[in-house]
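Residue numbers (our numbering): 1324 to 1933.
Here a beta-carbon is modelled for each residue, glycine too, at the ideal position from N, C-alpha and C.
Model, not experiment: these values are computed from the prediction.
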């Protein structure tokens, strides 16, 4: 069969055409592998796992069959388009994984640098650290106190990975571990940076730290030294528009001694590799996130792969007990990062009898029957509509947003935001009647009719919008939510933010806004890091590759008080049973000293990162 007959997308065809120009005699198995690799990257995989596809028909409607694994690897190894790690070739084969050269370099260098950082121990006054931990975490009665243990490891390591679900106290932990760092000798001279993948997450992180540090049992000088501003990772690194190059790299490192990254589960492989490359070798890197949440939109699931290696050997457990007074179980680590990874397990948001908390545990455990039984128990904080219809859903959304629309008419931004955050509709996908676009369009039409607003009018009182692109001049970022409210100057779109003369809310004329969408409904991806009093999660009627355990878990844990699920039982079962795994090799590389080509000599910066 000719390659032209295969159902390739535009990017896949462009890649294949480029490779054919480099090697006109390239065999079909090599070119098809490249096309499948391109498709895999679009789906979030870092590489193409040959063993999963060998001998199969990648396009069921086509007759084309891939060769057996051994034969396929032989064809790839014989091609000048494919090389080993570090070779000058567009494709790289590592065992049974095929990479684009750039992504193999990202993964290899990230593994090397994380292992170097994890193995480096900074000088620490352990007696002073023990005193700091006892005072800063005296409020905790849990045994073991994982917040205290996470802080101990972050102070004593160049790398700390702290994972925890909603309400487990990640912000509390990081504020207090930074205070413990500042109480070390020469600690007050540390340059500390705060960052997050999105502007919304960065602003929320800074606000949480400003609020948490006021109650710290420390000297005023320590409290004053804690940072209060956070930046997006792209701004921190100095991204250059559409170019993959960044201003800060190993040859021009960040002027930081400590970097804390929140919502690290949202950081893709390429961005994490550039971040670690740009951090001075002597700096501490502290990654905060939730390993069970959705991964980054782009390729890679770095944070989840880092958490796979957690564990404390006997020596690490004994050290922690000596310094923190906390006893931990010995569990052989599954990677060389080992005890750099700490999981926070006690939820301060969901009580022991919380339906949402129990539902989250059953979803993460892949317990389909248990999940369905729990939803049928009639818990106060859980509701399930197992026979949803689009008409009934729209009527429910109208009722859910009625208090917000009433508050919006009064024009008080504080009251409007409080009402809007009391209820939120989340969707698994963008398109379709059960997706964001369909629900927003249908709900807006109903609201306009009831409010006697012409259907052609884009702006009306109560329209919520979500910004789609960063605008640093306006201080608006991708994911920010604005509410259209009446004012003395006509309709204005208000955003939450510091530095405003209107009680912490910034008004903008609608025409000034960057690209945006209506936001009565939003995707679960866009909701990451947000919290709402009540959440309605709408699942698609038909099977979808987007339905997964992590999406279901992320959606329901956005709710603080109550979650309502609209979805057929088979869709719920598929979501719970489907563990979204991304093809990558980072976890394997972190199991020991990385194998492969030596580090490139490029003045400290990997050329492929440009």
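Comparing alpha carbon positions, the residue from 1655, 1695, 1618 and 1693 closest to residue 1877 is 1618. Here the alpha carbon of residue 1338 sits roughly 51 Å from the alpha carbon of residue 1774. Between residue 1505 and residue 1532 the beta-carbon gap is near 13 Å, outside 8 Å, which marks them as no contact.
Around the C-beta of residue 1330, fewer than 16 other C-beta atoms lie within 10 Å, and the residue is accordingly described as exposed. In the three-state DSSP reduction, residue 1580 falls in the coil class, being neither helix nor strand. Taking 8 Å as the cut-off, the beta carbon of residue 1404 is found no closer than this to the beta carbon of residue 1389. For the pair residue 1782 and residue 1766, the Cα-to-Cα distance works out to about 14 Å. The residue among 1800, 1514 and 1843 with its C-alpha nearest the C-alpha of residue 1807 is 1843. In this structure, the beta-carbon distance from residue 1861 to residue 1728 does not fall below 8 Å. In the structure shown, residue 1846 adopts extended strand secondary structure according to DSSP, grouped into three states.
With respect to residue 1875, residue 1679 sits apart: the two C-beta atoms are not nearer than 8 Å.
Here DSSP, grouped into helix, strand and coil, assigns residue 1883 to strand. Distances from the CA of residue 1866 to each of 1900, 1881 and 1856 were compared; the closest alpha carbon is that of 1900. Around the C-beta of residue 1411, fewer than 16 other C-beta atoms lie within 10 Å, and the residue is accordingly described as exposed.
With contacts defined by Cβ atoms closer than 8 Å, residue 1487 and residue 1613 form a contacting pair. Contact between residue 1882 and residue 1857 holds, with the beta-carbon distance rounding to 6 Å and staying under 8 Å. Proximity of the stretch 1825-1839 to the stretch 1732-1750 meets the contact definition, three or more beta-carbon pairs being nearer than 8 Å. With a beta-carbon spacing of about 19 Å, residue 1666 and residue 1682 fall beyond the 8 Å limit used to define contacts. Of the residues 1354, 1434 and 1459, the one whose Cα lies closest to the Cα of residue 1423 is 1354. Remark: C-beta atoms of residue 1841 and residue 1788 approach each other more closely than 8 Å.
Taking 8 Å as the upper bound for CB-CB distance, residue 1398 and residue 1352 are in contact here, some 5 Å apart.
Take the alpha-carbon of residue 1507 and the one of residue 1450: they are about 10 Å apart.
For residue 1570, the number of other beta carbons within 10 angstroms of its own is below 16, and it is reported as exposed.
The continuous beta strand (DSSP E) containing residue 1708 extends over residues 1705-1708. Within the same chain, Cβ atoms closer than 7 Å to the Cβ of residue 1529 are found at 1517, 1551, 1552 and 1553, the five residues on either side in sequence being excluded.
Contact between residue 1580 and residue 1606 holds, with the beta-carbon distance rounding to 5 Å and staying under 8 Å. Nearest in C-alpha terms to residue 1690, of all of 1421, 1898 and 1526, is 1898. The beta-carbon distance between residue 1502 and residue 1447, rounded to whole angstroms, is 15 Å. This is too long to meet the 8 Å contact definition.
Residue 1436 and residue 1590 do not touch by the CB rule: their CB atoms are close to 15 Å apart, not below 8 Å. By DSSP's assignment, residue 1785 forms no beta bridge with any residue.
Under the three-state reduction of DSSP, residue 1831 is assigned to strand.
With fewer than 16 other CB atoms across the displayed protein chains lying within 10 angstroms of its CB, residue 1668 is exposed. A residue is called buried once 16 or more other Cβ atoms fall within 10 Å of its Cβ, and residue 1769, having fewer, is exposed. Within the same chain, Cβ atoms closer than 8 Å to the Cβ of residue 1625 are found at 1433, 1587, 1590, 1591, 1592, 1595, 1619 and 1909, the five residues on either side in sequence being excluded.
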